[in-house]
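Numbering (our numbering), first residue to last: -13 to 373.
Some notes on the structure that comes next.
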Amino acid sequence: MEELATIEREIEELKSKSKSVYWNDEIILKTLNDCANCFFDLIGGESCYFYLASARGKEVEYEYVISRKIRTGLTKNADQIPNKVISSYLGKDKQSSIGWVRLTYSDANGFSFTPADKKRLSDMAQIAALAIEDSIKYANNALIAECNQLAVILAFVRIIEAKSKWTLGHSERVTNVGVMLLEAALGDQEWVMSIDQDEVYKLERWFKFAGLLHDLGKVGISDALIDKPGRLTDEEFEKIKLHPGIGGSLMDVLGLECTKAIVPMIEHHHENYDGTGYPSGLKGDEIPPGSRILKIADVYCAITEERPYRTPLAHWDAIEEIRRNSGRFFDPKLVEIFCKLPFKNLDRVEQPTQQTESAEEGTFEEQYAEDPYHIPSVRKYSVYTKK
C-alpha cells in the first residue's frame, strides 16, 4: 500500500498548510453536476434527477436539483420528491455529513434502480463528498487545489480496488512495476531523446497516478463480466473495450488539472505497438509514452496474478512472453529496458518453468490478440485453466 500511503501523506501535509474556510454554493453545484452526469453516463439514464439536500433533524431546508437539462433550483417542498429515490450521504454518516444525495427516475414505466446502480451512486457520492468538502474548506488556498486532486484520486483507487477480489492490489502493483520501468527509461538517453520534453515532466509528476487509475473505467463494467470464469463473447468483448474510455471520461468530467496528463495515459494503455489495439488503433510513437509503459506493466502484472479463468504465469515465463512480443504489442526499446529490471524486490518472482512450451491449444500470440480484457488472460489455454 506504499503508493496509497504516499498520497494520504501528501493530502495531510497540504491540508496542514491551510486554515482558511470557504463556502461556495457554485462549487457544490458544479461538483455535483459533474458527478451526476458521470452517474447518468454509467447507467444510461436520461430522465434522472440528482438531489443534494441539507437537513436539521428531519426537516429539509434546501435542495439542489440537477438533471440532464441542468435544472438547478432551491425548494423547501421535500414532500414533492418522487418516491423512487435512493440516498447516499456526503460524509461518513448522518451526523458528520454535509448533506445527502438523492437520485430518482421520473420514468412513467416504473423503472427501479438495481443494486449495481445503488453501488455506483454510493461511489460517486464519496467522490463528490471529498471534492466538495475540500473545496468548501480550502478553496482560497492554491496548495489545496492539489490536495483536492489527490483526495479524489485516492477515492477512485479505493473504488477500483473494491471492484473485484481478483484484482485487489492490481492497480498498485501495476504502478510499482510501471514506476520502476519509468525510472529506468528516464535513465536511458536514447529513450528520453525519443519523446517530447513536456512528456518527461508529465511522466515524472503524474505517471504514478495514471498507474493507480488505469482501470478506473471498471466502475462502468459489470462485475459478472469482469469475473467471468470462461472466455468472453464478441459482444462482451465490445463492452470490456469501453473501460479505458470510461476511465478517461470520469477523470475529464471532474476538471482536475492533472487530468490533462493522466487521461491520455489511461485511455490508450490497451493500444498495441503495431496498431492492432484499442480504442483508437494507435501505433508506435503515436501511443503516449506513459501508455506504452503502462501497457508492459499492466500485462506483466495481469499474467502473473491469479484470475478466476486461469492460474498465473511464473515471473520468468511472463518476461519471456513480453520479450517475444516486442514490436508487436510492446515498444521494443521499453521491452529491452524492462527485461533488465531488478525484480528481486517484487513478489511472485519465481524460477522459469516449462508452462509456455506445453500449451496445446493455440499459441500465446493468437490468444494475446483475441483476449478481450487483459490481453494475455490466456482464457483458452487448458494448461493455465483451473481444473
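Where is the CB? At the ideal position from N, CA and C, for every residue including glycine.
- The C-alpha of Arg159 is placed about 16 Å away from the C-alpha of Ile305.
- The criterion of a C-beta distance shorter than 9 Å is satisfied by Ile252 and Gly233.
- In the DSSP assignment, Ser312 forms a beta bridge with Phe316.
- In this structure, Pro265 sits near Lys227, with a CB-CB distance shorter than 9 Å.
- Under the three-state reduction of DSSP output, Thr161 falls in the helix class.
- A direct Cα-Cα distance of roughly 11 Å separates Val285 from Asn311.
- The segment 191 to 203 and the segment 211 to 220 do not touch, with fewer than 3 CB-CB distances between them shorter than 8 Å.
- Assignment of Leu268 by DSSP, reduced to helix, strand and coil, places it in the coil class.
- Your pair Leu280 and Ile289 does not check out as a contact, with CB atoms roughly 15 Å apart and the cut at 8 Å.
- In this structure Phe195 is in contact with Cys244, their Cβ atoms being roughly 6 Å apart against a cut-off of 8 Å.
- The shortest CA-to-CA distance from Glu257 to any of Asp209, Ile181, Ala171 and Arg314 is the one to Arg314.
- Secondary structure at Thr262: coil, using DSSP grouped into helix, strand and coil.
- The beta carbon of Pro250 is closer than 6 Å to those of Pro274 in its chain, skipping five residues each way along the sequence.
- Judged by DSSP in its simplified three-state form, His229 adopts helix.
- The beta carbons of Gly197 and Val165 sit about 7 Å from each other, so the pair counts as a contact at 8 Å.
- Remark: C-beta atoms of His301 and Phe324 do not approach each other more closely than 9 Å.
- Here Ser235 is actually not in contact with His255; their C-beta atoms are around 15 Å apart, not less than 8 Å.
- Restricting attention to Glu272, Gly231 and Ser208, the CA atom closest to the CA of Glu222 is found in Ser208.
- DSSP places Gly155 in the coil class of the three-state scheme, outside both helix and strand.
- Leu167 sits close to Ala283, with the two beta carbons spaced by under 9 Å.
- Separation of Glu322 and Gly231 (C-alpha to C-alpha, rounded to the nearest whole angstrom) is 29 Å.
- Remark: C-beta atoms of Lys319 and Glu176 approach each other more closely than 9 Å.
- If you ignore the 5 residues before and after Glu292, its C-beta comes within less than 6 Å of the C-beta of Pro298, all in its own chain and listed in chain order.
- Taking C-beta atoms as the reference points, Glu190 and Leu211 fail to come closer than 9 Å.
- Here Arg217 carries a coil assignment [DSSP, helix/strand/coil].
- Buried is the label assigned to Glu307, since at least 16 other Cβ atoms lie within 10 Å of its Cβ.
- Sequence-distant Cβ neighbours of Ala170 in its own chain, meaning closer than 7 Å and more than five residues away, are Ile323 and Leu327.
- According to the DSSP assignment, Pro250 belongs to the alpha helix (DSSP H) that extends over Thr245 to Glu253.
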